[in-house]
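Here is the structure we will look at.
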Amino acid sequence: MKRFYIETFGCQMNVHDSERVAGTLIAMGYSQAASADDADLVLYNTCSIRDKAEQKVYSRLQQYKRAANGRVFGVLGCVAQQEGLRIFERVPHVGLVCGSASYHRLPELIAELESGNRRVAGLSLETGGAFETVYTQRNNPYRAYVTIMEGCDKSCAYCVVPSTRGGERSRPKHSILEEVRKLAGDGWTEIQLLGQNVSSYRDSSNGGCNFAELLVEVAAVRGLKRVRFTTSHPRDFGREIVEAIDANPVLCDHVHLPAQSGSTRVLARMQRQYSREEYLERIEWLKRARRDIAISTDIIVGFPGETEADFEETLRFLEEVRFDSLFSFKYSPRPNTSALVLDGHLPEEEKGRRLTILQNEQRAIQIRRNAELIGSAGEAAVEGYNQATGQWIGRTSQNRIVNFTHASTADGPLEGRYVQVRVTRAGANSLAGESVHLV
Ligand code: SAM
Ligand code: SF4
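Sequential numbering from 5 applies to the sequence shown in my numbering.
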């Protein structure tokens, strides 16, 4: 029996794509190896969102330069789509290059490799075939990922995704619900719906349905306790999504809404299609919801032409919204993106300086935000146990990590269960507490 090894770089979309690729290979008779050394087929599912991510895969491939030993190497995902056949020249021991829009062709491409073809590629962005797999190898025992749409129709000036994942296409609702029902039947209680821009989801089969309507139907699947989704583009994030969350406790108290900047001038240069005020309007809807919905975001610092005044506006924006968490990045110039030709590119040191200031500012906000939760109680989904501290590791509906003690040992392992936890302490990135009772 042939063995494969797959390593994943990048976002949750990639993590889940790898689960589906692994499932496809297992259905073809392969078994999964624990390391590249034990495998006949070594796959890297790559990310090219920033230059650093892209360089990682090349250094991984160089490690095996002389030790290919009959092994076949494959590059999947965004770097594969972006670099295409050039990868074969740059790294001659690579035999397979395949972008995510061609994963439905993987069985056929692997069969070609098996029949002795040394260089095989799937690089078409014509997305006729959906990537529906007979089997998905799920690696997260607590949360099942479900793809609802792929690709992106926006054209943010800094972003490679439209050129590496192709245009937007929504998966039919019946196929999503079928997968979710099957997962719930198999015992999963938490589902995360995935797509580059889930808020523009539209079911094209009879009658159609938008994202908020889909959320309501998914939340109604019997057996589910939590439904999350990522990512929403603010421009397409409608009030009806907040109303759906309000009406359905199964929909988690958390929305990830990437802002990228707090300056309308920078947002326009980024081609984000909303202003600071329009973004803040959506925050208002979320803050007026019946439950306390946690809000996280992504910010890019040092976008070409970002002045000190723009940057300070972003810092004030963080204070105004008081995000519960934030992912921040230095702008990284990417191939095939329109920002490359903008003027005002900033030196790396200046981007680094702004990133540190932004992260310190956010850390102070999070310390204050989390401290407000001391004394409150909420439900945590238990994901693990920390031997060193003797604490269970849980995740709240708001996506906060809470480390907690549980006095009774009679309940056995708590992983996968839900526990009511009272918060007793708070840090910048997590909470600590004690269990009140099992749910
Ligand atoms: N589709 C999502 C959206 O529109 O918000 C996000 C996709 S991207 C995988 C995740 C984050 O990476 C973005 O929100 C952005 O903050 C960051 N990012 C994308 N391109 C970047 C670049 N060229 N330089 C720095 N950060 C970047
Ligand atoms: Fe990239 Fe913008 Fe599409 Fe998000 S919405 S994937 S940032 S182009």
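Ideal Cβ placement from N, Cα and C applies to all residues, glycine included.
For residue i, the three-state DSSP class (helix, strand or coil)
| i | result |
| --- | --- |
| residue 278 | coil |
| residue 334 | strand |
| residue 4 | Because residue 4 is not part of the residues shown, which for the chain are 5 to 443, the question remains open. |
| residue 95 | coil |
| residue 444 | Given a span of 5 to 443 for the chain in the structure shown, any question on residue 444 remains unanswerable. |
| residue 148 | strand |
| residue 396 | strand |
| residue 315 | helix |
| residue 384 | strand |
| residue 391 | coil |
| residue 32 | coil |
| residue 287 | helix |
| residue 214 | strand |
| residue 165 | helix |
| residue 356 | helix |
| residue 190 | coil |
| residue 224 | coil |
| residue 376 | coil |
| residue 82 | helix |
Contact check, residue i vs residue j, beta carbons under 8 Å
| i | j | result |
| --- | --- | --- |
| residue 406 | residue 437 | yes |
| residue 86 | residue 52 | yes |
| residue 303 | residue 263 | yes |
| residue 250 | residue 286 | no |
| residue 81 | residue 21 | yes |
| residue 397 | residue 430 | no |
| residue 258 | residue 195 | no |
| residue 159 | residue 203 | no |
| residue 442 | residue 404 | no |
| residue 318 | residue 266 | yes |
| residue 233 | residue 197 | yes |
| residue 239 | residue 278 | yes |
| residue 99 | residue 126 | no |
| residue 101 | residue 84 | yes |
| residue 191 | residue 105 | no |
| residue 161 | residue 350 | no |
| residue 255 | residue 219 | yes |
| residue 155 | residue 136 | no |
Heavy atom of the ligand SAM within 7 Å of residue i beta-carbon
| i | result |
| --- | --- |
| residue 302 | yes |
| residue 270 | no |
| residue 336 | yes |
| residue 162 | yes |
| residue 262 | yes |
| residue 333 | yes |
| residue 165 | yes |
| residue 82 | no |
| residue 15 | yes |
| residue 256 | no |
| residue 371 | no |
| residue 169 | no |
| residue 54 | yes |
| residue 213 | no |
Near the ligand SF4: residue i beta-carbon under 7 Å from a heavy atom
| i | result |
| --- | --- |
| residue 201 | yes |
| residue 279 | no |
| residue 237 | yes |
| residue 159 | yes |
| residue 51 | no |
| residue 102 | no |
Distance, residue j Cα to residue i Cα
| i | j | result |
| --- | --- | --- |
| residue 415 | residue 365 | 41 Å |
| residue 300 | residue 122 | 45 Å |
| residue 108 | residue 410 | 46 Å |
| residue 370 | residue 183 | 36 Å |
| residue 421 | residue 335 | 40 Å |
| residue 211 | residue 91 | 44 Å |
| residue 67 | residue 400 | 40 Å |
| residue 313 | residue 433 | 29 Å |
| residue 315 | residue 65 | 38 Å |
| residue 45 | residue 6 | 8 Å |
| residue 144 | residue 47 | 19 Å |
| residue 389 | residue 395 | 6 Å |
| residue 31 | residue 372 | 50 Å |
| residue 382 | residue 88 | 48 Å |
| residue 8 | residue 186 | 27 Å |
| residue 40 | residue 75 | 9 Å |
| residue 426 | residue 402 | 15 Å |
| residue 146 | residue 18 | 18 Å |
| residue 322 | residue 246 | 21 Å |
Handout entry: Touch test, the segment 55–62 against the segment 165–179, Cβ-Cβ under 8 Å, three pairs minimum
Key = Here the segment 55–62 does not lie against the segment 165–179, with fewer than 3 beta-carbon pairs under 8 Å apart.
Practice task
Take every Cβ of the segment 239–255, pair it with every Cβ of the segment 209–228, and state whether three or more of those distances are shorter than 8 Å.
Solution key: Three or more beta-carbon pairs drawn from the segment 239–255 and the segment 209–228 are found closer than 8 Å, and the two stretches are therefore classed as touching.
Practice task
Answer yes if the segment 339–358 comes into contact with the segment 276–292, meaning at least three C-beta pairs across the two stretches below 8 Å, and no otherwise.
Solution key: Not touching, per the Cβ criterion.
Exercise for the section: Please confirm if the segment 303–320 is in contact with the segment 25–40, defined as three or more CB-CB distances below 8 Å between the two stretches. Expected result: With a cut-off of 8 Å, the segment 25–40 and the segment 303–320 do not count as touching, because too few Cβ pairs lie within range.
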